[in-house]
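Protein chains: 2
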Amino acid sequence: MATGRTHRPATRSRGIPEATVARLPLYLRALTALSERSVPTVSSEELAAAAGVNSAKLRKDFSYLGSYGTRGVGYDVEYLVYQISRELGLTQDWPVVIVGIGNLGAALANYGGFASRGFRVAALIDADPAMAGKPVAGIPVQHSDELEKIIEDNGVSIGVIATPAGAAQPVCDRLVAAGVTSILNFAPTVLTVPDGVDVRKVDLSIELQILAFHEQRKAGEEAAASDGAGPVPAGRDSAAASADKGPDGDVPAVMPA
Amino acid sequence: MATGRTHRPATRSRGIPEATVARLPLYLRALTALSERSVPTVSSEELAAAAGVNSAKLRKDFSYLGSYGTRGVGYDVEYLVYQISRELGLTQDWPVVIVGIGNLGAALANYGGFASRGFRVAALIDADPAMAGKPVAGIPVQHSDELEKIIEDNGVSIGVIATPAGAAQPVCDRLVAAGVTSILNFAPTVLTVPDGVDVRKVDLSIELQILAFHEQRKAGEEAAASDGAGPVPAGRDSAAASADKGPDGDVPAVMPA
DNA sequence: GCGTGTGAATGGTTTCACAGCG
DNA sequence: CGCTGTGAAACCATTCACACGC
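These protein sequence lines are chains A and B, in that order.
Heads up, the first sequence is in my numbering, so the first residue is 44 and it goes up one at a time.
Heads up, the second sequence is in my numbering, so the first residue is 44 and it goes up one at a time.
Given below as structure tokens:
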């Protein structure tokens, strides 16, 4: 999904499907929880339930990593934690910079799961001179003039962009020029990057819009058949024309017809 | 990820693929930008470039909505903005509650894109009594005791969870019981919900781990990667692929199986 | 002509179902 | 016997290529 020419034409025989890669962190988290409770082994069924997927999918996913299970028994928790960690590259240390220390950037800097597993916040960077030196999550914010130097000195290859939309592309360009090859983008913009650079985006408003779509669809279907699977608890109908109850008279007015 | 029951396409009309739905917000954003610059029409090629997808995909996506383009010309920007907004349900107002007003919750409350398009922060809720009454982003935080009342009074059907992991499931249960049917979860946990409730998750650490995987692969392309998928649990320590440079003391004990 | 709209071809992912092994 | 590992089938998504209509 990065650039136009995104094709990696079968780099090597090393072919773990993208969809599987995206689930490995989920399995890892579930396994870590089991590990902390000193559970020695799990079946695909149990682990799948904990990770919120189905067991056939999980077994297929693991089959791409190798045969790490024992038939008739299940998977060794510790061993699997190690194997997945290694596959994901978490047995090494990844220094990360966060650019844009507003509300969101500060939240990310404070996020515990960040440091907990392989990732380390190497620096916080902001364009506002007034922020410089101010500690956030115990780390002093540095001015963006230092960006290139910070990247190089720390061998940073992963950058997190938490700037306003307008600043995202320029920041991205500088990160890439300085040597960053993976970017996690929280700004609501499509980033353009050269080949070989990975971009993943996290976009609140896109997620909300997807939810709204499904929500609207649910509201439009009050003629359920005899399925009767899920009795929605409070049978209160919601979210129709909402021009009546709101304490706030603000109308969004997205578009006239 | 859409919860449980796959919707039967029995109702022949609205069968928009999930992948398409996920891209509509992207198109909408690009179109809105064009609209603000008073661009009257776009070709699939141009719009696709702005949205970061390829044009065949975009045309196929739009074909699910109907035939809104003009051959030889392109798409009318304003008209398409309206059609997509309507399809996504953004022509109505969606009151949203945010639960958990820590760093992240505050960031979300302050996020501009939130209110800008169809969504309205109806309330901020936190379990900490000390937070109650304190305004965040101009909205006073309310205590979680009020949760059910708030949901009902405001007809909220979308909830955002930004609590610590441990609190997420209980909060989720209460939201659902009170009538929420769509949840955006920022806590690093798998949420269990009844049928008919949609959950989407945003998970920083999963995204970072996916990036790390690709980053590691890139690094491994310079050095001949030694294949680690050996026979059975005997040669498991062949993890020499990547130079172990990190002082990461957290490596789990290697298991002989 | 030009660019949309769409069947058909391709590629990837999920699910099924069962063989195989501890 | 129970549970993993995996071909094969079913499903979904993307890409191709071209007919069609402005």
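Note that CB positions come from ideal geometry on N, CA and C, so glycine has one too.
With which residues is D241 (chain A) paired in a DSSP beta bridge?
Its beta-bridge partners are A:S225.
With which residues is G117 (chain A) paired in a DSSP beta bridge?
G117 (chain A) is bridged by DSSP to A:T113.
Bridge partner(s) assigned by DSSP for F162 (chain A)
In the DSSP output, where bridge partners are listed per residue, F162 (chain A) has A:W137.
Any residues in the segment 207-238 of chain A with a beta carbon nearer than 7 angstroms to a beta carbon of chain B? Which ones, in chain order?
For the segment 207-238 of chain A, the set of residues with a beta-carbon nearer than 7 angstroms to any beta-carbon of chain B comprises T224, S225, L227, P231, V233, in chain order.
If V179 (chain A) sits next to A149 (chain A), beta carbons under 8 angstroms apart, how far is it from one beta carbon to the other, in whole angstroms?
Indeed, because the Cβ distance is near 5 angstroms, the residues count as touching under 8 angstroms.
Enumerate in chain order the residues of its own chain whose CB-to-CB distance from L190 (chain A) is below 6 angstroms, with the five nearest sequence positions on each side excluded.
Counting only Cβ-Cβ distances below 6 angstroms, and skipping sequence neighbours, we find I168, R217.
Can you give me, in chain order, the residues of the segment 143-160 of chain A that have a beta carbon less than 9 angstroms from any beta carbon in chain B?
Sequence-ordered contacts of the segment 143-160 of chain A with chain B read G145, N146, L147, G148, A149, A150, L151, A152, N153, Y154, G155, G156, F157, S159, R160 [C-beta pairs closer than 9 angstroms].
DSSP three-state label for G202 (chain B), please.
G202 (chain B): strand per DSSP, three-state reduction.
Determine the extent of the beta strand (DSSP E) in which P183 (chain A) is found, giving its start and end residues.
Run containing P183 (chain A): 182-186, per the beta strand (DSSP E) assignment.
Give the straight-line distance between the Cα atoms of K261 (chain B) and L67 (chain B), rounded to the nearest whole angstrom.
Roughly 32 angstroms separates the two Cα atoms.
Chain A contact residues for V64 (chain B), given Cβ-Cβ distances below 7 angstroms:
Under the 7 angstroms cutoff, chain A gives I253, F256.
Assign R114 (chain B) to one of two classes, buried (16 or more other C-beta atoms within 10 Å of its C-beta) or exposed (fewer than that).
Classification of R114 (chain B): exposed, given that the 10 Å Cβ count is below 16.
Same chain only: Cβ atoms within 7 angstroms of A62 (chain B), ignoring 5 sequence neighbours per side:
Here A62 (chain B) has no same chain residue with a Cβ atom under 7 angstroms from its own Cβ, once five neighbours each way along the sequence are excluded.
Indicate whether at least one CB of chain B lies closer than 8 angstroms to the CB of R102 (chain A).
Chain B has no Cβ within less than 8 angstroms of the Cβ of R102 (chain A).
For E250 (chain B), would you say it is in contact with chain A, using Cβ-to-Cβ distances shorter than 8 angstroms as the test?
True, the Cβ-Cβ gap to chain A drops below 8 angstroms.
What's the C-alpha gap between D246 (chain B) and R160 (chain A)?
C-alpha of D246 (chain B) to C-alpha of R160 (chain A): approximately 14 angstroms in a straight line.
Could you tell me the boundaries of the alpha helix (DSSP H) in which E79 (chain A) lies?
61-79 is the extent of the alpha helix (DSSP H) around E79 (chain A).
Against chain A, with Cβ distances strictly below 8 angstroms, would V275 (chain B) count as a contact?
Caution is warranted here: a pLDDT of 34 is assigned to V275 (chain B), below 50, making its placement in the model unreliable, and no coordinate value can be reported.
Taking all protein chains shown into account, decide if A76 (chain B) is buried (16 or more other Cβ within 10 angstroms of its Cβ) or exposed.
With fewer than 16 other Cβ atoms within 10 Å, it is exposed.
So, for A170 (chain A): in the same chain, excluding its five sequence neighbours on each side, which residues have a beta-carbon less than 6 angstroms away from its beta-carbon?
S187.
Residue interval of the alpha helix (DSSP H) (run including G148 (chain B)):
Start and end: 146-153.
Do the segment 125-141 of chain B and the segment 193-201 of chain B meet, that is, are 3 or more Cβ pairs less than 8 angstroms apart?
The segment 125-141 of chain B makes contact with the segment 193-201 of chain B: 3 or more CB pairs, one atom from each, lie closer than 8 angstroms.
Of all Cβ atoms in chain A, is any one closer than 8 angstroms to the Cβ of S187 (chain B)?
It does not: the Cβ of S187 (chain B) has no partner Cβ on chain A nearer than 8 angstroms.
CB contact below 8 angstroms: D241 (chain B) versus chain A
Contact of D241 (chain B) with chain A is assigned, a C-beta pair being separated by under 8 angstroms.
Provide the residue span of the alpha helix (DSSP H) that contains E258 (chain A), from first to last.
Under the DSSP assignment, E258 (chain A) falls in the alpha helix (DSSP H) whose first and last residues are 247-262.
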